[in-house]
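Asker: Before anything else, here's the structure in question.
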Ligand code: 5GP
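Residue numbers (the numbering used here): 346 to 533.
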């Protein structure tokens, strides 16, 4: 199986990476989102098989034992997330570029595996204060999960230097434009 290209957008929860990824996917037919598997519960706005493949902890662990993941992680207690090998192979078979929205540790594992075939972008919130505000504005979190996300996000900020590019998400439109330029440059 020949390896195709990959584009990774990483960054702490609240950095705005998901919005950037959605924008790029809408405007670039050559890109296709790599749908991760997770054991966390589905949010109302999400669709199974589109946003994530929602699995039970048992199903997820079975896939781990069958070596079905490129990488996986227990991001929170019993909150498993991972990238399935067939998901990426399907995208390459269609002649498309796989786009990832994963956490920093998972992202670095994928980057290590694929090297120059992958563009790895770190999306940075303009300030730590701003990150807190964005996380607080989410209504999907319990106080406990919010606290865990803030701690994890602050830790993740220290990994920015390991990525090919850093994108500061200060102004949304500007960030969209910069992300598009990075993609154009990588695919040319
Ligand atoms: P959320 O629950 O907000 O959708 O995602 C929580 C974190 O898990 C985010 O940082 C998200 O990027 C990350 N994540 C999503 N899919 C994967 C994956 O396949 N692998 C890893 N390691 N992290 C993922």
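Backbone N, C-alpha and C define an ideal beta-carbon position, used for all residues, glycine too.
1) List the endpoints of the continuous beta strand (DSSP E) containing residue 428.
2) Taking buried to mean at least 16 other C-beta atoms within 10 Å of its own C-beta, is residue 470 buried or exposed?
3) In this structure, how does DSSP classify residue 393 when only helix, strand and coil are distinguished?
4) According to DSSP, residue 398 sits in a beta bridge with which residue or residues?
5) How about residue 425 and residue 392: do their beta carbons lie closer than 8 Å?
6) Any chance you could list the alpha helix (DSSP H) runs of at least 4 consecutive residues sitting entirely within the segment 408-460, in chain order?
7) Look at the Cβ atom of residue 511, then the Cβ atom of residue 444, and state whether they are nearer than 8 Å.
8) Within 8 Å, do at least three Cβ pairs link the segment 435-442 to the segment 368-376?
9) Would you say residue 355 and residue 531 are within 8 Å of each other, going by their C-beta atoms?
10) State the start and end residues of the unbroken beta strand (DSSP E) segment that holds residue 510.
11) Is residue 393 near ligand 1, with its Cβ less than 7 Å from a heavy atom?
12) Locate the beta strand (DSSP E) running through residue 464, then write down its first and last residues.
13) Comparing the CB of residue 412 with every heavy atom of ligand 1, is any distance shorter than 7 Å?
14) Taking Cβ to Cβ, would you say residue 362 is nearer than 8 Å to residue 446?
15) Taking the straight line between their C-alpha atoms, what separation do you get for residue 398 and residue 417?
16) Exposed or buried, residue 528, counting other C-beta atoms within 10 Å across all chains shown (16 or more means buried)?
17) Using the DSSP secondary-structure output, state which residues sit across from residue 352 in a beta bridge.
18) Less than 8 Å between the CB atoms is what I'm expecting for residue 453 and residue 359, so what's the real figure, rounded?
Answerer: The structure says:
1) 424-429
2) buried
3) strand
4) 382
5) no
6) 430-438, 449-459
7) no
8) yes
9) no
10) 510-513
11) no
12) 463-469
13) no
14) yes
15) 13 Å
16) buried
17) 444, 464
18) Residue 453 to residue 359, Cβ: 19 Å. No contact.
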